[in-house]
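Numbering (our numbering), first residue to last: 26 to 281.
As structure tokens, then:
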């Protein structure tokens, strides 16, 4: 696709559209869905292999699994929820962290070269799952009245502005929260993939023209973008589960 008449195949929304691999009953199965399924299999398979036959003296795979598990458990869950309340949520948060991280690492893997999180449906589903857990947990812990106070930020000491605060907090917690939770991950993956595609395509385009020195610069930028994306992917997985823990913590906290 050429946008400016010079022949440069500029990346755009078409970079996020894929021809279905096959169709079953009117349902299209594409590359992104395949990567999401492979991610699920990799995460389940890795932890199954690491802990399925756990030993007192761990092997290399078990050591790697324990390091990853312990990083999320101690660095995120315990720090946010505490050990007593957080222990029961560790398996869910660990699974969520590694699923998000691996499904976005695909963007720098040859042949795959696409972050699943750049398709908004995937972060949105994960955000909705966290939102449902938060809502149901708040109801279970505090009942209807406690839930109402929790989501509206009810505080009678606010006086005359209390009704306005309650309306803002209600819409913020029940409508805006899952949206921002999902969009934060989606936007970073979308923008990162677009930049990576642009520098990759530019390197190839310039290499096949008289501007070969510029192709070298673009290639260096591509390598830099890959390193930066690897960092962003880990950070975004961390931020997503950290927010999930903070929402759960808010559901468990007593409202005063």
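Note that CB positions come from ideal geometry on N, CA and C, so glycine has one too.
At least one CB of chain C closer than 9 Å to the CB of residue i: is that the case?
i	result
residue 68	In summary, chain C is missing from the structure at hand, where a single protein chain is found.
In the DSSP assignment, what residue or residues form a beta bridge with residue i?
i	result
residue 48	53
Following the continuous alpha helix (DSSP H) through residue i, name the residue where it begins and the one where it ends.
i	result
residue 112	Where residue 112 is concerned, there is no enclosing alpha helix (DSSP H), given that its DSSP letter is neither H nor E.
residue 92	85-97
Is the Cβ-Cβ distance between residue i and residue j less than 9 Å?
i	j	result
residue 46	residue 67	no
residue 124	residue 151	yes
residue 227	residue 118	no
residue 143	residue 88	no
residue 97	residue 76	no
residue 147	residue 57	yes
residue 276	residue 177	no
residue 155	residue 203	yes
residue 94	residue 81	no
Taking only heavy atoms of the ligand HEM into account, decide whether any of them is closer than 8 Å to the Cβ of residue i.
i	result
residue 100	Absence of the ligand HEM is noted for the structure shown, with no ligands found whatsoever.
Inside the segment 125-183 only - beta strand (DSSP E) runs reaching at least 3 residues
Listed in chain order, nothing qualifies, since the segment 125-183 has no complete beta strand (DSSP E) run of 3 or more residues.
Between the segment 99-107 and the segment 218-226, do three or more beta carbon pairs fall short of 8 Å?
Verdict: no, contact absent.
Assess, as a yes-or-no matter, whether the segment 170-186 is touched by the segment 132-145 under the definition of 3 or more beta carbon pairs within less than 8 Å.
The segment 132-145 vs the segment 170-186: no contact.
At least 3 beta-carbon pairs within less than 8 Å: the segment 254-272 vs the segment 125-132:
Enough Cβ pairs lie closer than 8 Å, so yes.
My parser needs the beta strand (DSSP E) runs of 3 or more residues fully inside the segment 195-234; what are they?
Under the rule that a run must span 3 or more residues, no beta strand (DSSP E) segment is found entirely inside the segment 195-234.
Looking at C-beta atoms only, is the number of pairs between the segment 209-217 and the segment 189-197 that lie closer than 8 Å three or more?
Verdict: no, contact absent.
Is it a yes or a no for the segment 243-257 touching the segment 213-220, going by three-plus beta-carbon pairs under 8 Å?
With a cut-off of 8 Å, the segment 213-220 and the segment 243-257 count as touching, because enough Cβ pairs lie within range.
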